[in-house]
Amino acid sequence: MTSPAAPSPAIYVDVDDTLVRSFGAKRIPMTGMVERVRELAQKGATLYLWSTGGAEYARRTAAELGLEDCFQAFLPKPEVLIDDRALEDWKVSEIHPAACHSMRLEDILRTRRG
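Every position in the sequence shown, counted from 1, becomes a number in my numbering once 84 is added.
Below is the structure:
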């Protein structure tokens with residue numbers, strides 16, 4: 085009997101200074117992260133794009149970068165969390181974009197705290 089595959093992790097990706105950098109009115113794609121998002125989506129990761137700029141801003145950015153189909157949803161970044169667990173008890177890992185770009189895909193998909 086084969087054991088069921090582990091569910092793909094839910095990965096939340098930020099917009100500003102993760103997928104794009106802004107210099108005044110000019111937006112510059114962070115090509116390494118854009119490609120990494122495509123690779124994660126192709127590997128079956130469940131991806132969500134969020135931003136303090138809101139859900140529509142996240143969606144427009146994904147469309148601008150040709151990544152709209154990589155994400156399950158576009159969300160505002162939360163400001164208040166209502167949960168029975170404290171954040172420090174969450175099984176979540178934080179990966180800086182610079183580190184994410186150099187990590188193997190398998191390690192990103194496996195990375196979980198706790």
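Backbone N, C-alpha and C fix where the C-beta goes; we use that ideal spot for every residue, glycine too.
Just to confirm the assignment, what range does the beta strand (DSSP E) spanning tryptophan 95 have? On the sequence shown, residue 95 is found 11 positions in, with the first residue counted as 1. Reading off the sequence shown, one finds isoleucine at residue 95, where the question assumed tryptophan. Per DSSP, isoleucine 95 belongs to the beta strand (DSSP E) from 94-98.
Expected contact under 8 Å - CB spacing of threonine 115 and proline 181 to nearest Å: Mapped onto the sequence shown, residue 115 falls at position 31. Mapped onto the sequence shown, residue 181 falls at position 97. Not a contact, Cβ separation roughly 12 Å.
Close Cβ partners of leucine 133 (< 6 Å) along its chain, the five nearest in sequence each way excluded: For the purposes of this step, residue 133 is identified with residue 49 of the sequence shown, where counting begins at 1. Val97, Ala142, Ala146, Phe155, Phe158, listed in sequence order.
Could you tell me the alpha carbon to alpha carbon distance between proline 160 and glutamate 140, rounded to whole angstroms? On the sequence shown, position 76 is the one that residue 160 refers to. On the sequence shown, position 56 is the one that residue 140 refers to. When rounded, the distance between both Cα atoms is 8 Å.
Applying the 10 Å Cβ sphere with the 16-neighbour rule, what's the burial state of serine 135? Here residue 135 corresponds to residue number 51 of the sequence shown, with the count starting at 1. By the 10 Å Cβ count, serine 135 comes out buried.
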